[in-house]
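Heads up, the thing below is written out as structure tokens.
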Amino acid sequence: MRFFEIDDIVTLLFGIVDADLSAFRFASAGHLPPLVVTRTGQRFVSDGPSNPPLGTGLSHAYREEIVPLEPDSSLILYTDGLVERRNESLTRGLERLCEAASSIRSLGHPDDAIAALVDSLLDEASPTDDVAILMLRREEASSTLDLRVRAAPGELLTLRRALRRWLSELDGSMTGHDVILAAGEASANAVEHAYGPAGGWVHVTGTRDQQAIQVIVRDEGHWRARPTSRGRGIGLMRTAMDSVEFDRSIAGTSVTMRRSVKR
């Protein structure tokens, strides 16, 4: 816990993106509201009266707000230097930001979108305060998945959530329990056997065509057999999927798994 002197008053926004990228959770202490840009338009995130800044000396319970992240949407966080102008109300500055954000969906890369916002809002004028912008863009649903996570047990939950989100976006009726189970087992094996204390990475790719879903789990380590009483992971993978193939080399291990869409 930190205590501020009476003249130390700051705004703060603390946020966390859910592991499956479905939502952004945040708490704001007097900070300007996040801006969400979707296919249907843009809006500021606001739910009830604003929380006070830190350092005011007021006792306050800061509430959490949740912003759903739709496919092909962007979330913009910013400081007041972007929207505040002398002789202009803050409300008008926020309106200008909302208007400028209406055109960024056509810009592919977030860097280009941020540059466009700065050019539009600052208009070559010197800002009265520091300007910082953070943009999070959730890409549109894709037939491919490309995910890289650290080879640590805690990252397996992130991997399973990402797989579940990808499969549900491919087909809203598809839960893909067997695919998630098999990929999770292959990734857990990589975490346990591929690396030493220094750790490494697990790379998971997924593709889907009209016939099948294919998931490949790769590591860049050297397989280390460990005494264990479990030893059921490969059997679970073979039961859950139509085919499971292993490719072990000095460059690492690759597990390729396929499952029929009609199964």
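If you count by this note's numbering, then the sequence shown holds residues 2 to 264, one letter each, in order.
Cβ coordinates follow ideal geometry from the N, Cα and C atoms, glycine included.
Secondary structure at residue 258: strand, using DSSP grouped into helix, strand and coil. The beta carbon of residue 260 sits closer than 7 Å to the beta carbons of 179, 180, 213, 214, 242 and 243 from its chain, once the five residues preceding and following it are set aside; these are given in chain order. Close CB contacts of residue 224 within its chain, under the 7 Å cut and outside five residues either way in sequence, are with 194, 195, 249 and 254 (chain order).
Following the DSSP letters along the chain, one finds residue 150 inside the beta strand (DSSP E) bounded by residues 145 to 151. Of the residues 239, 74, 236 and 66, the one whose Cα lies closest to the Cα of residue 141 is 74. Between the stretch 89 to 102 and the stretch 56 to 71 there are fewer than three C-beta pairs closer than 8 Å, too few to call the two in contact.
Three or more beta-carbon pairs separated by less than 8 Å are not found between the stretch 104 to 120 and the stretch 147 to 159, which leaves the two stretches without contact. Of the residues 256, 89, 31 and 237, the one whose Cα lies closest to the Cα of residue 246 is 256. Counting along the chain, the unbroken beta strand (DSSP E) around residue 134 starts and ends at 134 to 139. The beta carbon of residue 13 is closer than 8 Å to those of 29, 30, 31, 32, 54 and 55 in its chain, skipping five residues each way along the sequence. According to DSSP, residue pairing for residue 43 in a beta bridge involves 38.
In the DSSP assignment, residue 115 falls outside any beta strand (DSSP E) and lies within the alpha helix (DSSP H) extending over 111 to 123.
Collapsing the DSSP output to three states places residue 194 in a helix. Under DSSP, the beta-bridge partners assigned to residue 215 are 208 and 259. From the listed residues 40, 67, 62 and 63, the smallest Cα separation to residue 46 is found for 67. Scanning 37, 71 and 27 for the CA closest to the CA of residue 52 turns up 27. No Cβ-Cβ contact shorter than 8 Å links residue 139 with residue 237.
Inter-residue distance for residue 240 and residue 233 is about 11 Å (C-alpha atoms, whole angstroms). For the pair residue 220 and residue 158, the Cα-to-Cα distance works out to about 17 Å.
Residue burial annotation: residue 100 is exposed, with fewer than 16 other C-beta atoms found within 10 angstroms of its C-beta. Residue 163 is not a Cβ neighbour of residue 182, given a cutoff of 8 Å. For residue 77, there is no enclosing alpha helix (DSSP H); the residue is part of the beta strand (DSSP E) that begins and ends at 74 to 79. Annotated as distal: residue 171 and residue 188, with beta-carbon spacing of 8 Å or more.
For residue 241, the secondary structure class from DSSP, reduced to helix, strand or coil, is helix. Counted as a single uninterrupted DSSP element, the beta strand (DSSP E) harbouring residue 66 occupies residues 66 to 69. The C-beta of residue 35 has 16 or more other C-beta atoms within 10 Å across all chains shown, which makes the residue buried.
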